[in-house]
Ligand code: SF4
């Protein structure tokens, strides 16, 4: 039996038990999802998946030649008003599936040549996903598991993923509480993010890339530049540089108004080129050098 399976077997019961008074994320709704109660994310007892397949739009170190094996989980615990996947996260588009079926999907992505299993917005389905990883490991899953999350996580749950997740890929969306409250109803977003990303780094360290240019293990942070510096980029990047100047940080310029962004004039536009370059310059001045194109 592999080391990972042993680790999962020692933790899986505890993880599923959280569903009876859900505290999988910092919202701590304490609803009994096993009995059908729903919290902020609206996820219930059953695992729900929206789509899956090889994805070529992720970071080159995840995509390689054959793509990142992306699995989009339905619902979300953060629910940003401008979400780029609004139909999946807010509207709950997806199909309930079993943990065994999710394991089968993971194995089919591996068979297609994907370089990793990229779990998009996994937080609210942590127990189900860990169970599916166990089934997949038993049947030969070898590629790294990527935890592609919003950064709004419960640190005690992340501790339970040590030795199971290979690559953590959290967003850091805001450095200040005011926009975090206004656009994601998460006043404590940055505080929780800092705590949890420190733990992720402790577990996996800086991103390690093999001789073929493929990410194998480590931390990869994403920061989406918002209009009017609403993401508090300087504060965010200072925090990242404080973890390690070798942190891989993808500074992203693709924000566009989606979902309910039209209700907020200040975010109802794309960031300008000037705003984006300003953030890159800050990152460079802090000594960060991985994950973004320097200018
Ligand atoms: S995962 Fe969902 S139900 Fe559980 S605490 Fe978070 S928002 Fe609430």
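In this note's numbering, the protein residues as written are 117 to 411.
Every residue gets a Cβ at the ideal spot worked out from N, C-alpha and C, and that includes glycine.
- prompt: Who pairs with residue 396 in a beta bridge, going by DSSP?
  reply: As a first step, residue 396 must be located in the chain shown, where it is residue number 280. In the DSSP output, where bridge partners are listed per residue, residue 396 has none listed.
message: Looking at the strands, I want to know which residues DSSP matches up with residue 167.
response: Within the chain shown, the letter at position 51 stands for residue 167. The partner list for residue 167 (beta bridge, DSSP) reads 188.
task: Reducing DSSP to helix, strand and coil, say where residue 269 ends up.
output: The residue labelled residue 269 in the question sits at position 153 within the chain shown. The answer is coil: DSSP assigns residue 269 none of H, G, I, E or B.
- request: Compute the Euclidean distance between the alpha carbons of residue 293 and residue 196, then round it to the nearest angstrom.
  value: Taking the chain shown and counting its residues from 1, one reaches residue 293 at position 177. Taking the chain shown and counting its residues from 1, one reaches residue 196 at position 80. Straight-line Cα distance between these residues: approximately 14 angstroms.
query: Is the CB of residue 401 under 8 angstroms away from at least one CB in chain C?
result: The displayed structure is made up of one protein chain only, and chain C is not part of it.
message: Which of the three DSSP states is assigned to residue 324 in this structure?
response: Walking along the chain shown from the start, residue 324 turns up at place 208. Assignment of residue 324 by DSSP, reduced to helix, strand and coil, places it in the strand class.
- prompt: How would you write the range of the beta strand (DSSP E) that residue 337 sits in, first residue to last?
  reply: As a working note, residue 337 is residue 221 in the chain shown. Segment 331 to 340, the beta strand (DSSP E) holding residue 337.
- prompt: Is it a yes or a no for the stretch 130 to 145 touching the stretch 235 to 253, going by three-plus beta-carbon pairs under 8 angstroms?
  reply: yes
- request: Evaluate the contact criterion for the stretch 250 to 263 versus the stretch 212 to 229: three or more CB pairs, one atom per stretch, below 8 angstroms.
  value: Because the criterion of three Cβ pairs below 8 angstroms is met, the stretch 250 to 263 and the stretch 212 to 229 touch.
- prompt: Under 7 angstroms from any heavy atom of the ligand SF4, does the C-beta of residue 147 make it?
  reply: Taking the first residue of the chain shown as 1, we reach residue 147 at position 31. The answer is yes for residue 147.
Opening and closing residue of the alpha helix (DSSP H) in which residue 352 lies: Along the chain shown, read from residue 1 onward, the residue named residue 352 stands at position 236. Looking at the DSSP string, the run of the alpha helix (DSSP H) that includes residue 352 is 349 to 359.
- prompt: Ends of the alpha helix (DSSP H) at residue 162?
  reply: Sequence index remark: in the chain shown, residue 162 carries index 46 (1-based). Per DSSP, residue 162 belongs to no alpha helix (DSSP H) and is neither H nor E.
Own chain residues within Cβ distance below 6 angstroms of residue 315, not counting five before or after: In the chain shown, residue 315 corresponds to position 199, counting from 1. Excluding positions up to five away in sequence, the list reads 271 and 274.
- prompt: Taking just the CA atoms, how far does residue 267 sit from residue 313?
  reply: Within the chain shown, the letter at position 197 stands for residue 313. Within the chain shown, the letter at position 151 stands for residue 267. Near 7 angstroms, if we compare the C-alpha coordinates of residue 267 and residue 313.
field: Cβ neighbour criterion (16 or more within 10 Å) applied to residue 305
entry: To locate residue 305, count along the chain shown from 1; it is residue 189. Under this definition residue 305 is a buried residue.
- prompt: Among all the DSSP beta bridges, which residues are the ones paired with residue 211?
  reply: In the chain shown, residue 211 corresponds to position 95, counting from 1. Listed as beta-bridge partners of residue 211 by DSSP are 165.
message: What would DSSP say about residue 385, mapped onto helix, strand or coil?
response: Along the chain shown, one-based indexing puts residue 385 at 269. Here residue 385 sits in coil by DSSP.
query: Hey, is the stretch 124 to 138 in contact with the stretch 212 to 219, meaning 3+ C-beta pairs nearer than 8 angstroms?
result: no
- prompt: If you drop the 5 nearest sequence neighbours on each side, which residues of the same chain put their C-beta closer than 7 angstroms to that of residue 303?
  reply: Here residue 303 is taken as the residue at index 187 of the chain shown, counted from 1. Taken in chain order, the residues that qualify are 293, 296 and 297.
query: Should residue 141 be listed as close to the ligand SF4, given that the test is whether its C-beta is under 7 angstroms from any heavy atom?
result: Numbered from 1 along the chain shown, position 25 holds the residue referred to as residue 141. Under cutoff, so the answer is yes.
task: Buried or exposed for residue 247, please, with buried defined as at least 16 other CB atoms from any protein chain shown within 10 angstroms of its CB.
output: In the chain shown, counting from the first residue as 1, residue 247 sits at position 131. By the 10 Å Cβ count, residue 247 comes out buried.
field: Ranges of the alpha helix (DSSP H) found wholly within the stretch 233 to 310, counting only runs of at least 4
entry: 242 to 254, 271 to 275 and 293 to 300
- prompt: Run through DSSP, which three-state label would residue 179 get?
  reply: Residue numbering aside, residue 179 sits at position 63 when the chain shown is read from its first letter. Residue 179: helix per DSSP, three-state reduction.
message: So if DSSP puts residue 366 in a beta bridge, which residue, or which two residues, is it bridged to?
response: Here residue 366 is taken as the residue at index 250 of the chain shown, counted from 1. Paired residues: 338.
message: One question on the structure: do residue 210 and residue 147 come within less than 8 angstroms of each other, judged by their Cβ atoms?
response: Numbered from its first residue, the chain shown carries residue 210 at position 94. Numbered from its first residue, the chain shown carries residue 147 at position 31. In this structure, residue 147 does not lie closer than 8 angstroms to residue 210 by Cβ.
For residue 166 and residue 243, the rounded distance between their alpha carbons: Position 127 of the chain shown holds residue 243. Position 50 of the chain shown holds residue 166. The alpha-carbon atoms of residue 243 and residue 166 are separated by roughly 18 angstroms.
- prompt: So, helix, strand or coil for residue 149, using DSSP?
  reply: Residue numbering aside, residue 149 sits at position 33 when the chain shown is read from its first letter. Residue state, collapsed to three classes: helix.
- request: Return the first residue and the last residue of the alpha helix (DSSP H) that residue 344 is part of.
  value: Start at 1 with the first residue of the chain shown, and residue 344 comes out as number 228. Segment: none, residue 344 is in no alpha helix (DSSP H) and carries neither H nor E.
- request: Indicate the three-state DSSP secondary structure (helix, strand or coil) for residue 127 in the structure shown.
  value: The residue you call residue 127 lines up with position 11 of the chain shown. Looking at residue 127 - three-state DSSP - the assignment turns out to be helix.
- prompt: Taking buried to mean at least 16 other C-beta atoms within 10 Å of its own C-beta, is residue 370 buried or exposed?
  reply: Here residue 370 corresponds to residue number 254 of the chain shown, with the count starting at 1. Residue 370 is exposed by the Cβ-count criterion.
- request: Spatial neighbours of residue 408 within its chain, please: CB distance less than 8 angstroms, with the 5 preceding and 5 following residues excluded, ordered by chain position.
  value: As a first step, residue 408 is located in the chain shown; it is residue number 292 there, counting from the start. Cβ neighbours of residue 408 beyond the five flanking positions: 365, 366, 367, 396 and 399.
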